[in-house]
Each structure stands twice: as structure tokens, then as C-alpha cells.
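These protein sequence lines are chains B, R and L, in that order.
Just so we're aligned, residue 1052 is where the first sequence starts under my numbering, counting upward by one.
Just so we're aligned, residue 66 is where the second sequence starts under my numbering, counting upward by one.
Just so we're aligned, residue 11 is where the third sequence starts under my numbering, counting upward by one.
In this text, a Cβ means the ideal position worked out from N, Cα and C, and glycines have one as well.
Below is one structure; the comments refer to it alone.
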Amino acid sequence: MASASDVLNPRRYFMDDRRFVGVMFLAPALLYILLLVGLPFLLAIAFGFSDVTVGNTELNFIGFDNFVAVWENDIFRQVFGNTVMFTLVSQVFILIFANILAIIFTQEFTGKWFARFIFILPWATPVSLAAIGWLWMFDTKYSPIDYLLLQTGFLGPKGILSNSRNLYWLANPVLSQISVIFVQVWRMTPLATVILMAGLSSIPTDILDQAEVDGSRFMRTLLQIKLPLILPIMVIALLFSMITMFGDMTVVYVLTRGGPVDYTRIIGLYSFQIGIEGGNLAQGAAMALFAFPLLLALALLMLRTASRAEVR
Amino acid sequence: MALLIWILQNFWSLLVLSFATLVGLRIAYRFRKYGATRAELSHILRRSPFYLVVLIFCFFAAAPFMIMFLHSFKVDGDLYRRPQPFIYRQDPTLEHLESLFTNTAYLDFIRNSVVVGVAVVIITLILALPAAYALARLTGRWGERAGILMFLVYLVPPTLLFIPMFRIVVMLGLKDSPLALIVVYPSFTVPFSMWLLQGFFKAVPPELEEAALVDGYNRVEAFLRVVLPLSLPGIISTIVFTFTLTLHEFIYALVFITNTSRRTLSVGVPTELILGDVYFWQPLLAAALIIAIPVGFAYNLFLDSLVQGFTMGAVKG
Amino acid sequence: MSLVELQGIKKFFDDVRAVDGIELEIENGEFLVILGPSGCGKTTLMRMIAGLEKPTAGQIFIGGEDVTALPPRKRGVSMVFQSYALYPHMNVFNNIAFPLKAQSREKKYDKRAIRDKVENTARLLEIDMLLDRRPRQLSGGQRQRVAIARAMVTQPAVLLLDEPLSNLDAKLRANARDELKEFQRSSNITAVFVTHDQIEAMGLGDRIVVMSHGKIQQIGTPQLIYDDPANEFVATFLGSPSMNILRSDAFSFGFRPENFLPKTLADNPENSRIFHYYVKRVEYLGSDRLLYGYVHGHDNELTLAKVPSNVRVSLDVDCDYEFAVHNSDIKFFDKQSGQRIEEQNLQGVV
Ligand SMILES: Nc1ncnc2c1ncn2[C@@H]1O[C@H](COP(=O)(O)OP(=O)(O)OP(=O)(O)O)[C@@H](O)[C@H]1O
Ligand SMILES: [Mg+2]
């Protein structure tokens, strides 16, 4: 039994206090993350304004010199353009395919389990390993794709696309860009699909039944009921895959290392090559930082759109 | 072995045949159930474009994996002979698969990946379980804000962080140590797991905990004894996805670890199985496929639960 | 000919026989209530009428036409769901206009026609000032009216309502019930209304269909069902407190607590049966006294009596009294099947 002094002493019941337990539960994770992300983030900014290299550990602040140098670097401009272009173009395809697939996979059909297994593979496989498969698919000499094109008459002496026996996917400027975008779309579509599936399956069945009784057919239900209702989730999916793509260098690292020339070089890869391989930490950090305001603006814009959309 | 050779040599005809058989069986089943009527035939005709779309998507998704499977067993003379076809002109061989396990550091990569993955999963659970519970139940508005902050942190790309992190890792003397990865990976696994777990916790009716509180447990005990066991399926799927996130990670692993035998799968396979400009294609493709299949199965098994966690986490409340 | 006709309708979900052989005719302009305990198949039956569910067996006719294989949009029905299922991203106007737009291809509605129809319907339901609002900015009662407006705007042959009042609080509910009835009468629409609330059913229905375990137990006017139950299930399901059922060797018989009165109060003692009643407990319910006790010879079957409070008869706990039931108020049921049977000789029982 609680005695009077127990009751008066609030500390005796701290394990029952919502606030106290809440703080206690949340604090370790929050601190760990803020430390692990916040510290390097601040350091990245500090690096950006300094002349630090791998050899020289001292931080001498040199103002905006790095950023100016980065911006005046023609290669970086192309790299920046590539990054934006790859991200935007692939998002368009990802959204289209993900919507189609999400609608397919929220329906019942024979063989669904197997089809789902297949279509999830690109996402389940570690990117760097999946990219190896594509590296072989795009091989200069032995590309299986080229073989198919050769057999169907698109390649070869009388070929429609080229009269050589190969397309040299990763050596041709445009084709290498197409290849990189293709692989990105290929591996990001499943994730976007899964997120959209979550959205579609969270629409109350009553609403869909109601639409059916109201006389709405498949397309109208899709365009006027389902898509508007999953719009916020679609924005989240878009945000996710854009930011993942923006901050990823795996595919290009494995496929092209940025080549031919700089046609597939993107910010992540370039800052890795300058900062780590080239040892110029300061320049590398400045490059990575360059895109950050853009990314942040994008994220905030999308979060706002998502929370504005009126659902429920 | 003989079976494998036979499968490999007849890969495409087997694929087409087995697919045709399945379709045939399915149609036969429907005919038996509903009768081979005109309505049934038109039903099949109406459905077939749908299946065609599914088939096309599946083909694109699976293409590199089929090629990986098919080409892992070719002898060099067969693989590097132009034009490069999809059939076996010479007998398949297991030689490359053997060399992958005996002559390369592949087993080391697997071991390193497992060590890092398991350690990260443990740290993640310790941090994320209570934090997710706090977000789901204990904290009000400020908890919601903390959750959004976490979500934003998850969006900070590794390309922005790897350079300063590299510096810190070097300073702490953790370069080339799996510890570096174990310490850094929670920076993305914790926010991810928190988001998922929060969804699973919200699915547990609050009345159950309240009953436990009335029965004489305090908040912490109620969490440990009521909420955790009830959300076990969700926790397991969180473990699976956390583990695979660490398996996928590339940039930090590439930057922090340069010693071959210390590398993890995602970096080791594409960098160390290539000597200079020489690609050993069969072992490379096999190495990728061997990882892809089990992870694919795990994803498919836990996908529904992931979707559920995601949806619940997204519901305001 | 009746407007809706169900013939041998069955619906099985694997082993669950949700609806198990329903024959039903719904007349033009009537307010039909489907009443039954939770899980008896009411919603399933209604969804089959709407076309959202395909019957396992049987046929459905609407306006004389076999609609069993038709999709909902070809049936000329509309439905109000328990949750109202308002489209959350559309304002009230667009919600009500949605079915018109969806059917505009077949019915050729232009923009003006749609606007006129929506506004007229909204005026009828007194929600015309809410047209710009989103569903979540509405109260429960307003949402319900929007849902009804949306269902009415296409002038359907049949209006299906699945427990549309159960989301409202008690006071609003009584109000909405009256309005709904009034609205149905004035618009003369055929309505099928599902509920498990017997008061709602009695108040609303021109006819009531009592269902249990996927089967129809009885169809009839509220009064018929209350006074003349077809079987023991209907007898005990309706009325609160429910009918007393006493068993004897050959049959069961029952009478309602409000017909079980002290002998001194009986209008017509000659035509009544007299029971020796031992009162164990008394509850005061304001206007009534509810007595719990046992009839002599049925010591294990708790029997209730409901005696108006304004009659001054003292009724005390632990005392024996003589109570009477008018002969016509005693119903007899077969012991095995529970079906009603005609008048019996009571001599051996009492
Ligand atoms: N889609 C379904 N799959 C399997 N069983 C179902 C399905 N829909 C209904 N049932 C079962 O059919 C039976 C009748 O369900 P129904 O929803 O029609 O009951 P109801 O009378 O509307 O009950 P309530 O008053 O609770 O709404 C129940 O046992 C239910 O579990
Ligand atoms: Mg129901």
C-alpha cells in the first residue's frame, strides 16, 4: 500500500510518468542520430570553407574560395547538370511505372506471389551487385542486349541502329546516360511501387464500393478517387526516391566511373573522386554541399504539399 | 548436377514450356470450375492484356538475373565467343563457382557483411524500439516534431556526410575496421526502423497496455511485457529490412574500408573480384545472384508487413 | 408486380453461410427494414442487391429485369454506407455530383443539369449552405444527409441504407430517424434499411424482415411481427425485456412481460390464465416496475413481469402472488423447431 509520503513524493512514480518515460525512451536515439548526422554535417560545412586535405589536417578557413572554385569548374557544372537531369528524368519513369505496377499488384490475380517476387528482386538485390548484372548486359563486346539486336536485324552490317556489331552502350555519351537512367529506374521502381501500394490499400473499401454503386468505372475511380487519395503518399514516394537518387553514386561507380569523359559523372561520385581519391577533402565537401540547399528546398516543398493535401 | 546441366542447356525452352503449362493448367481449371462457355472464353480474352503487361514488367525485372544464372556456368571459351548467345555451345561447368569460394575473398565478404549487419541490427533495436514506442504513445506534439526531425535526418544523403565522416573515422583510428561501419550505419537504420516500428506499435490497442498498468505494471514494464510481444511480427520484419539496408550500403563501405579481406559484400564484389581491367565474369555474376535470391525471398515474405507498418506509421494520431 | 425480387439467394464465404436461401419481394414505394442480430448476413444481402457481391446461388430482379449478372451501375440502385463513405478530397457539391458525372455518359447530363440536380437535392435535405465544405468539416448528422443526398441525386429505383444511423449519438439518431422517414414518405422512394436496432426497425419500417443465420425468420408489419411472431426466435428477439419462454413436456409457450400482470389488474380474468408467481427482485424503472421471479412449476426459468408504476398494487420481494395473462397473449411454440403452433390445452402445464 502506498503510504502518504509515497504519494507526496513524485519521484517514486517516475516510471509511470508519460513525459519522463517518453523522454527517457526517445533521448538515446535522438542524441545518437543528431550526433552522428549533425556533427558530420557541421563538419562538412566547416570543410567547405577551409583548405583541409587528407594530408593536412588543420582547418584554415578560406571563405567561399572552394565554392567559387567549384562553380568555375566546367566539369562540375556538367556534373551538376547530369545529376539534376538523371534525377528528374528517372523520376518521371519511376512514377509512371510505379503507378501502373501498384494498381496491378493491389488486384488479385493468379501467380501474383511469383510475379511480386520477380518484380521485387531489383530492389532487394544490393545495388552494387545488381549493377554488375547490368554491366554485363551493357558489355562492349559480349552484351546480351546487342546479341538480341543483332539477331533481330537492328545491328550488324545492314543494321538499322548501327552497322557495327555492337552499340557500345557505356562508351557512347547518349547511350551511357540512357543506360544509367534505365538502371536507376529499374531498381527504384519497386520501392516507389511498394509505397504506392501501401497508399492504395489504405483507401477504405467503403469508398471504393461507394464509387462502384455511384456508377464509376475503372478509369474514373482511378483518376478521381484513388489517385487524389494517394497523392500525399505519392509525394512521399517521389521525395524518397529523388533524394535516394540524388545522394547515390553506386550505379555510376560500378557501370561507368563517370565516363565516357564526364557524361555520367554525378555529384556524389565526383566529390568522392576529388575528396577521397584525390585527397582534397575541402573541395569534395564543397561539392556535396552545393546541392544541399536545392535538396532541402525540394524536401520542404514536398512535405508541405503532402501535409496540405486534404485526406481524411 | 546432371539436372543442373540439363536445366542450363534447355533454359529457354524450359522457361517457355513451364509457363505455357501453368497457363494451360489454369485455363483448364477454370473450364472445369465454370465450364468452357463463351462467357468464360471472353473472360480469358479480356484478362490476357493484363497478364501481358505483368509479363513484360516481370521480364524487365528479371532479365539481368536470368542472364546471371545462365552465364555463371559457362566455360570461358563459350562465354567469350562472339556473337554471345543465350545457349550453351559447350558443356556447363561449376569451376567458376568453386573458384569464387576458394580463390577469392567472397566468403570473407559474406562474413564481414553478416558481422556488421547483426551488430547494426542489435544497436538499432536497442535505440529504435523505445524511441518508436515513445513516438507512438508517450509524447504528444513535441514527439511528433521529433519524429519529423528524424524523418528529415533520414533524408540527408550519405554523399554529403561521407567526407567528414571519413575524417572522423580516420581520427578515431577506425579506418579499415568493421567498427566504423557498425557505428555509422545506425545513422540511417535507426530513423528507418523508428518509422516502421512506430506504425506497428500504433496497431496495438492502447487498452491492452492500460490493462497492464491497472494490473500493476509500470509504463516500462507494460511496454516490455505487452507491447513488445504483441508487435513481434513487426519487429521481425523491421530486423529483416534493417539488415538488408546494411547489406545494400555502398558509399560508407567503399570509403571507410580499403583492405580487401575486411570489405563487405556490396563493395567487395564489384571492386575486388575485378583485377585491374580484367573482369572474371562468371564468378562476378554468380556472386551477385547468390545474394540476390535469398534477399528477394526475405523481401517478398515480409513485404506485406512492411507495407502495413508504413501505412500505420503514416496515419496521423 | 413488385419492384425488387430475390429468388433463392445464397452467399457462402468458403464455409460461412452468410446468406442462406432468401426469398423476398420488395414493393414499390415501401420502406422495408431488414432486422437481425449482428453477423446474420444483413450487409451481405444488401451488397448483393447493390451488385457489390455476386450471389453463390439465386436470382435478383429489379423492375422485372434479371440483374443478377449486372454491375452496380446498371441496376439503378444507390447505397448509403454505415461509414457514409464520403469522398474526403471532394467538397459536398462534388460528392453529390459524383454519381451524376459517373453516369453522364449513359444519361447525358450536362454541366447545368448536374448543377441543378445537385442544388435541388441539397435543398431538399437542407444542406444547400454546406456545398463548399469538405466532409471533415461537417458534423455527423450533416455527413449523413450528404450521403443520402448523394444516393438520391440520381433518382434511383431503390435506396439501400446499411445502418446509416449507427454513427450518430442517441439524440441525433432519434431526430435523423424521423427526418429519414418523412423524407422517404414525401419522395416516395423505395428504401431498404438495414439495422440491428429493433426500435429503429419498428419506428421506420412499413414491413420488417427478421433475419437470423442467413435465413428469413418472418416478414410483416411491425405490429404483426411483435404481436404474432412466427417462431421463438422472432418472439424473443423483439421486445425489451424479451418475451418469457416457459417449457413444458410437449411444447414451449411464451408471453410478454407487459402482459403478465397481477390478477387484480387483469381486464378479463375469465379469459386469462392464472399463474402463481414468486417475486424475487423488483427494479423500479420510473414508469414501470420490473419484477424478476419464478412461475410455480418452472423454478429454473426466470420470468419477468412489467407492471406500470402508476397502479397502486403493492408487490414485495419474497412473496407469492397470483398473476394473469390473457389467453390471446400466450404464444405456443414447437419444442424442437421453435415454430409457432396453435392454441394448446394448458391444463397440464399450470
Ligand atoms: N468478405 C467476407 N469474407 C468472409 N466472410 C464474410 C465476408 N463478409 C461477411 N462475412 C461473414 O458473413 C456473415 C454475415 O456478415 P454480414 O456482414 O452480412 O453481417 P451483418 O448482419 O451485416 O452484421 P452486422 O450487424 O454486424 O453488420 C458473418 O459471419 C461474416 O463473418
Ligand atoms: Mg453489417
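Helix, strand or coil for residue i, going by three-state DSSP, please let me know.
i: aspartate 172 of chain L; result: strand
i: cysteine 329 of chain L; result: strand
i: phenylalanine 151 of chain R; result: coil
i: leucine 1221 of chain B; result: coil
i: isoleucine 72 of chain R; result: helix
i: arginine 283 of chain L; result: strand
i: proline 1177 of chain B; result: coil
i: threonine 313 of chain L; result: strand
i: glutamine 373 of chain R; result: helix
i: serine 1194 of chain B; result: coil
i: threonine 1157 of chain B; result: coil
i: valine 1362 of chain B; result: Low confidence applies to valine 1362 of chain B: its pLDDT is 46, below 50, so where it sits in the model is not reliable, and the reading given next is rough at best. Residue state, collapsed to three classes: coil.
i: arginine 217 of chain L; result: strand
i: asparagine 1214 of chain B; result: coil
i: alanine 260 of chain L; result: coil
i: glycine 1132 of chain B; result: helix
i: leucine 1251 of chain B; result: helix
i: threonine 78 of chain L; result: coil
i: glutamine 349 of chain L; result: strand
i: serine 88 of chain L; result: strand
i: tyrosine 344 of chain R; result: strand
i: glycine 382 of chain R; result: For glycine 382 of chain R, the predicted model reports a pLDDT of 35, less than 50, meaning its position is unreliable; a value from the coordinates is still stated below. Glycine 382 of chain R falls in the coil class under three-state DSSP.
i: proline 359 of chain R; result: helix
i: aspartate 277 of chain L; result: coil
i: histidine 313 of chain R; result: helix
i: alanine 1053 of chain B; result: Reliability fails at alanine 1053 of chain B, whose pLDDT of 47 lies under 50, so the model's placement of it is uncertain and the value that follows must be treated cautiously. If DSSP states are grouped into helix, strand and coil, alanine 1053 of chain B belongs with coil.
i: valine 1312 of chain B; result: coil
i: leucine 141 of chain L; result: coil
Could you pull the DSSP bridge partners for residue i from this structure?
i: glutamate 293 of chain L; result: L/Leu300
i: alanine 85 of chain R; result: None, per the DSSP bridge assignment.
i: valine 204 of chain L; result: L/Ile44 and L/Asp172
i: proline 318 of chain L; result: L/Asp298
i: tyrosine 288 of chain L; result: L/Tyr304 and L/Asp330
i: lysine 20 of chain L; result: L/Asp30 and L/Ala67
i: histidine 361 of chain L; result: No information on residue 361 of chain L is available, as it lies outside the stretch 11 to 360 that chain L covers here.
i: lysine 341 of chain L; result: L/Gly264
So residue i packs on residue j, CB below 8 Å; how close in whole Å?
i: phenylalanine 321 of chain R; j: phenylalanine 253 of chain R; result: Going by Cβ atoms, the distance from phenylalanine 321 of chain R to phenylalanine 253 of chain R rounds to 15 Å, so no, they are not a contact pair.
i: phenylalanine 261 of chain L; j: aspartate 344 of chain L; result: 6 Å
i: valine 90 of chain L; j: alanine 161 of chain L; result: 5 Å
i: proline 335 of chain R; j: serine 1101 of chain B; result: With 8 Å as the limit, proline 335 of chain R and serine 1101 of chain B do not qualify as a contact, their Cβ atoms being about 33 Å apart.
i: serine 137 of chain R; j: alanine 351 of chain R; result: 4 Å
i: proline 145 of chain L; j: leucine 110 of chain L; result: No, proline 145 of chain L and leucine 110 of chain L are not in contact; Cβ-Cβ is about 18 Å, not under 8 Å.
i: glycine 1099 of chain B; j: alanine 1348 of chain B; result: No, glycine 1099 of chain B and alanine 1348 of chain B are not in contact; Cβ-Cβ is about 18 Å, not under 8 Å.
i: alanine 1166 of chain B; j: proline 1311 of chain B; result: The pair is not a contact, with the Cβ atoms about 37 Å apart (cut-off 8 Å).
i: methionine 212 of chain L; j: proline 232 of chain L; result: 4 Å
i: alanine 1149 of chain B; j: threonine 1244 of chain B; result: 4 Å
For the beta strand (DSSP E) that residue i lies in, which residues bound it at each end?
i: glutamate 105 of chain R; result: Element bounds for glutamate 105 of chain R: not the beta strand (DSSP E) but the alpha helix (DSSP H), 103–136.
i: alanine 327 of chain R; result: As written in the sequence, residue 327 of chain R is arginine, which differs from the alanine given in the question. Taken as a continuous stretch (DSSP letters only), arginine 327 of chain R belongs to no beta strand (DSSP E), as it is neither H nor E.
i: aspartate 141 of chain R; result: Premise fails: aspartate 141 of chain R lies in the alpha helix (DSSP H), 141–144, not in any beta strand (DSSP E).
i: glutamine 227 of chain L; result: 225–230
i: alanine 193 of chain R; result: Run containing alanine 193 of chain R: none in the beta strand (DSSP E); it sits in the alpha helix (DSSP H), 171–198.
i: phenylalanine 1100 of chain B; result: Per DSSP, phenylalanine 1100 of chain B belongs to no beta strand (DSSP E) and is neither H nor E.
What first and last residue would you give for the alpha helix (DSSP H) that runs through residue i?
i: methionine 162 of chain L; result: 150–162
i: aspartate 1116 of chain B; result: 1116–1123
i: phenylalanine 1189 of chain B; result: From DSSP, phenylalanine 1189 of chain B is part of no alpha helix (DSSP H); its letter is neither H nor E.
i: phenylalanine 193 of chain L; result: 180–197
i: phenylalanine 1205 of chain B; result: No alpha helix (DSSP H) holds phenylalanine 1205 of chain B; DSSP gives it neither H nor E.
Tell me whether residue i, by its Cβ, gets closer than 8 Å to a heavy atom of ligand 4.
i: glutamine 208 of chain L; result: In the structure shown, ligand 4 is absent; the only ligands present are ligand 1 and ligand 2.
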